[in-house]
Amino acid sequence: MRFQNVTHSMFLMLVLITPISLSAQELTKEEIPGIRNYTQVNATVACAGATTLEALEEVRRRGFVSVVNFRTEGENGATNPGEASEKASELGLKYFHIPFRSPEAWAGAAEQFLEVIANPDNQPTFIHCGSANRVGGMWLIKRVKLDDWDIESATAEAEVIGLRSPALREFAIEYVRQ
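Those letters in the sequence shown? Residues 51 to 228, by the working numbering.
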């Protein structure tokens, strides 16, 4: 009887842990020149921090068709959004500039991002900001709102991607609960 309880408990633990492990296994971190904190999430999405104009060529080479940039104009070392858009266009990439930093802009950015990422014509999509913190926050929202993930799994994945800000994490969790 005791053996059955232990076996049953171990089976339940495995079932409960597996979805988190499987989702975490899909993430692949890579060092790519000109791209900070690159994480391949799956076949249709990669997330990253700061990305140079030159690195957009590598983004295109990897098969991405769209770039989403959350950096604000003039942000610490950010590429000029006009130049980035022009370079993306030259490479045949769609370019979406959804700049945000302050909490007042988070909800609007989330709405815009969900609209862009939900459109299959924009995939595969490369998403970046300065460090991948904002990318992680928006990705958490996407996972819950569009992919029906639970908040805990989405948060764990977002933190691997780069979510570090407690305020942005709290915003994302509150946003998905609405």
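Beta carbons are placed, not taken as given, at the ideal position from N, Cα and C, and that holds for glycine.
All figures in this text were calculated on a predicted structure; none of them were measured in a lab.
Give the DSSP-derived three-state secondary structure of Val-95 in the structure shown.
Note: Val-95 maps to strand in three-state DSSP.
Cβ pair Ser-152, Tyr-145 closer than 8 Å
No, the Cβ-Cβ distance between Ser-152 and Tyr-145 is not below 8 Å.
For Arg-214, is the classification buried or exposed, using 16 other Cβ atoms within 10 angstroms of its Cβ as the cut-off for buried?
Residue environment for Arg-214: exposed (fewer than 16 other C-beta atoms within 10 angstroms of its C-beta).
Return the CA-CA distance between Glu-133 and Glu-104, expressed in angstroms with no decimal places.
Straight across, the Cα-Cα distance linking Glu-133 with Glu-104 is about 11 Å.
Excluding sequence positions up to five away, which residues of its chain have a Cβ less than 6 Å from the Cβ of Val-95?
The beta carbon of Val-95 sits closer than 6 Å to the beta carbons of Thr-175 from its chain, once the five residues preceding and following it are set aside; these are given in chain order.
DSSP state of Phe-150, grouped into three classes?
Note: Phe-150 maps to coil in three-state DSSP.
Please find out if some non-hydrogen atom of the ligand ZN comes closer than 7 Å to the beta-carbon of Ala-168.
Only the bare structure without any ligand can be found here, which leaves the ligand ZN out of the picture.
Buried versus exposed, by CB contacts within 10 Å (16 or more), Gly-113
Gly-113 counts as exposed, since fewer than 16 other beta carbons sit within 10 angstroms of its beta carbon.
Alpha-carbon spacing of Arg-123 relative to Leu-190, whole angstroms:
The sequence shown places Glu at residue 123, rather than the Arg named in the question. Going by the C-alpha atoms only, they are around 24 Å apart.
So, using beta-carbon positions, are Ala-222 and Gly-187 closer together than 8 Å?
Yes, Cβ-Cβ distance for Ala-222 and Gly-187 is below 8 Å.
DSSP three-state label for His-58, please.
Only weak support is given to the placement of His-58: the predicted model assigns it a pLDDT of 47, under 50, and the question is left unresolved by the model.
Contacting residues, own chain, Cβ-Cβ under 7 Å from Cys-179 (five flanking each side not counted):
The beta carbon of Cys-179 lies closer than 7 Å to those of Gly-99, Phe-120, Arg-121, Val-185 in the same chain, with the five residues before and after it left out.
Within its chain, find whatever has a CB closer than 6 Å to the CB of Gln-90; leave out the 5 residues flanking it on each side and keep chain order.
Closer than 6 Å at the Cβ level, and outside the excluded window around Gln-90, lie Thr-78, Ala-96.
If you drop the 5 nearest sequence neighbours on each side, which residues of the same chain put their C-beta closer than 6 Å to that of Arg-193?
Only Trp-199, Ala-204 meet the Cβ criterion.
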